[in-house]
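Since the structure comes first, as structure tokens, the remarks are kept for the end.
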Amino acid sequence: MGDKTQNKVQEPLGPREGLEAVVALRQLLEGLEERHVREAYLAGWTWAEIAEVLGVSKQAVHKKHAKRVGGRE
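The numbering of the sequence shown is UniProt numbering, which starts it at 1 and goes up by one.
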């Protein structure tokens, strides 16, 4: 990370601001995961291949994303 980014991350936040930042980051990560899982799936990746990259089980990734991407079994 560059100095500006690192300094910004280290700025003290109050509890409310810190928790709000956690929520915003969680939403960003969920959106990124959904987008890239969909792209991989539509490119022909299997649930097992996607799961391996994400570090989770095939069942976990299938349960979380199959309905969102119109997934095959």
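In this text, a Cβ means the ideal position worked out from N, Cα and C, and glycines have one as well. Bear in mind the structure is a predicted one, so any value in this text is a computation, not a measurement.
Subject >> Backbone secondary structure at GLU11 - three-state DSSP >> reply: Position 11 of the sequence shown holds residue 11. Correct three-state label for GLU11: coil.
Original post:
Okay, do the segment 31 to 49 and the segment 63 to 71 touch, 3+ Cβ pairs below 8 angstroms being the bar?
Top reply: yes
Subject >> Cα-Cα separation between MET1 and GLU11, rounded to whole angstroms >> reply: Here residue 1 is taken as the residue at index 1 of the sequence shown, counted from 1. Here residue 11 is taken as the residue at index 11 of the sequence shown, counted from 1. Bear in mind that the predicted position of MET1 carries a pLDDT of just 47, short of 50, making it unreliable; the figure below should be weighed with that in mind. C-alpha separation (whole angstroms): 15 angstroms.
Original post:
Would ALA21 be called buried (16 or more neighbouring beta carbons within 10 Å of its own) or exposed?
Top reply: Locating residue 21 in the sequence shown gives position 21, counting from the first residue. Its Cβ having fewer than 16 others within 10 Å, ALA21 is exposed.
Original post:
For VAL23, does the count of other Cβ atoms within 10 angstroms reach 16, so buried, or fall short, so exposed?
Top reply: In the sequence shown, the residue the question calls residue 23 occupies position 23. VAL23 comes out exposed.
Original post:
How should ALA40 be labelled, buried or exposed, when 16 other C-beta atoms within 10 angstroms of its C-beta is the threshold for buried?
Top reply: For the purposes of this step, residue 40 is identified with residue 40 of the sequence shown, where counting begins at 1. Under this definition ALA40 is a buried residue.
Original post:
Would DSSP call VAL56 helix, strand or coil?
Top reply: Reading the sequence shown from its first residue, position 56 is the one you call residue 56. VAL56: coil per DSSP, three-state reduction.
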